Every structure is written in structure tokens, then in C-alpha cells.
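Here my numbering is used: the first residue of the sequence shown is 3, the next is one more, and so on. Backbone N, C-alpha and C define an ideal beta-carbon position, used for all residues, glycine too. On a predicted model such as this, the values are computed, not experimentally measured, just so you know. Input: a single structure, listed below in C-alpha cells.
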Amino acid sequence: MVQINDISEMMGELNKESSIQALGSKTGVDASILPKLAVVAIPLILRALSKNAESKAGKDSLSDALEKHKGKTKDVSSIEDVVKKVDTDDGDKILDHAFGDKDKVVDQIAAQTGISKAEVTKVLASMAPMILGMLADKKDADGLDADGVAKQTDIFSKQAEETATNNFDITDLFPKQSGTATPSATGGLGGILGSILGNLF
């Protein structure tokens with residue numbers, strides 16, 4: 003059994019060949035770019051959820067939504083099993099709620115990576131239910147109220163950005179952001195995420 007306890011662990015599991023194959027089958031995205039796109043998707047979605055949870059209405063909405071996602075990442079046999087069973091229609095709804103303007107985010111990623119909009123959407127929609135499942139199980143295990151959920155989402159968001167920055171070379175996916183400069187000179191992953199989210203918040 004694989005217990006997915008934190009975002010860093012999820013991102014590491016998703017980088018394994020078996021997980022990449024499962025996600026590739028689910029999304030139809032080429033294995034050469036899939037891990038990097040998935041690693042960008044996780045902190046991007048978490049940052050959006052965290053921004054939404056800055057208001058009381060946003061906190062309550064997220065906390066309520068998590069009640070529908072309990073048990074999705076708890077005591078699973080493998081991360082690829084989670085990937086295979088993930089509901090991408092549910093993922094689309096999560097993205098609509100998280101971003102407000104999902105199409106704008108997808109357009110930005112597609113334009114900067116050269117990956118098709120359909121492929122970007124499928125990867126984001128696959129990651130979103132997994133993220134809410136993890137947050138739901140954390141809420142349940144720790145007895146978090148709406149404020150606690152908001153704080154935990156912010157913690158996961160920062161952990162995801164740190165993990166992606168330290169362990170995955172994703173800047174070559176975004177040539178319009180990184181150019182010939184070093185990642186630190188252009189704001190690194192945080193700068194890329196901020197640019198993608200633009201004026202949504």
C-alpha cells in the first residue's frame with residue numbers, strides 16, 4: 003500500500019515510470035513532457051485554491067468541497083491506481099472553480115509550452131481531483147475547520163513550489179518566461195506561476 007502523506011511524496015510518485023505510463027494513457031500526452039507538465043500543474047492548482055481561500059466565502063467553499071473527496075488518496079495500492087480512477091469531469095469542475103477562467107490559464111500554458119490546449123486541460127483535470135483528495139484526507143485526519151483547511155492549502159502550495167523548484171527542471175517548458183536567463187533571474191517557478199495566473203486574482 004502507498005500512503006500519500008504530502009505533496010512532495012505525490013510529486014515524487016508521479017515522476018515514476020509506472021505513474022507516467024498511467025497518466026499518459028489517461029491523458030494521451032507524450033511521456034517526454036508529461037512529468038514536467040504534471041509537476042507544474044500541482045503547484046499551479048494549489049496556488050489558485052490558496053488564493054481563493056483567502057476570503058471567508060472561499061474558505062467555506064473549499065472546506066465543503068473537500069467533504070466530497072474523502073478517501074481518494076488514502077491507503078491506495080499505488081499512485082497509478084489513483085491516476086487510472088481519477089474523474090476528469092470532476093477535475094474540470096474543480097479547475098473552473100479554482101481559476102474562475104480556466105480557459106485563460108490553459109491558453110497561457112499552451113502558448114508558452116507548445117503543448118496543445120486539449121493536452122494541458124487533460125493533465126490539469128487529472129491533477130485537480132488528486133489534490134482535493136489529499137486535502138480532504140488531511141482535513142479528515144487532522145479535524146481541520148475551514149480556517150485550518152485554508153492554512154493547510156497554503157502550506158501544500160509552498161511545499162509544491164519548493165519541491166518542483168528543487169527537484170524538477172521545468173523552466174525549459176516555458177521559453178517565453180525563462181529565455182536565456184537563469185531561472186532565479188526570471189522569478190523561477192514562482193514567477194512562471196504568477197505569469198500564468200495573471201490577473202485572475
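Between GLY26 and LYS124, the C-beta spacing is not below 8 Å.
The segment 53 to 62 makes no contact with the segment 124 to 137, as fewer than three CB pairs between them are under 8 Å. Along the length of the segment 44 to 128, whole alpha helix (DSSP H) runs at least 4 residues long occupy 58 to 68, 81 to 87, 90 to 101, 104 to 115, reported in chain order. Judged by pairs of C-beta atoms under 8 Å, the segment 44 to 53 touches the segment 143 to 157, as three or more such pairs exist.
Runs of beta strand (DSSP E) with 3 or more residues, each lying fully within the segment 125 to 166, are absent.
Boundaries of the alpha helix (DSSP H) around GLY196: 190 to 199. In the DSSP assignment, GLY14 falls within the unbroken alpha helix (DSSP H) covering 9 to 16.
Take the alpha-carbon of PRO131 and the one of GLU15: they are about 16 Å apart. In this structure the segment 80 to 93 does not lie against the segment 162 to 178, because fewer than three pairs of beta carbons, one per stretch, are closer than 8 Å. If the five residues before and after PRO177 are omitted, its C-beta is found closer than 8 Å to the C-beta atoms of GLN114, all from its own chain and listed in chain order. The closest CA to that of ALA24, considering only ASP83, ASP8, GLU69, ILE9, is found on ASP83. DSSP, read as helix, strand or coil, puts VAL31 in coil. Taking the Cα of ALA143 as reference, the smallest distance to any Cα among ASP32, GLU11, LEU64, LEU68 is reached at LEU68. Distance from the CA of ILE198 to the CA of ALA120, rounded to the nearest whole angstrom, comes to 17 Å.
Relative to the Cα of LYS28, the nearest Cα in the group GLY192, ALA148, MET129, ILE194 belongs to MET129.
A distance below 8 Å separates the beta carbons of LEU126 and LEU97.
With a cutoff of 8 Å on beta-carbon distance, LYS61 and ALA148 are scored as near each other.
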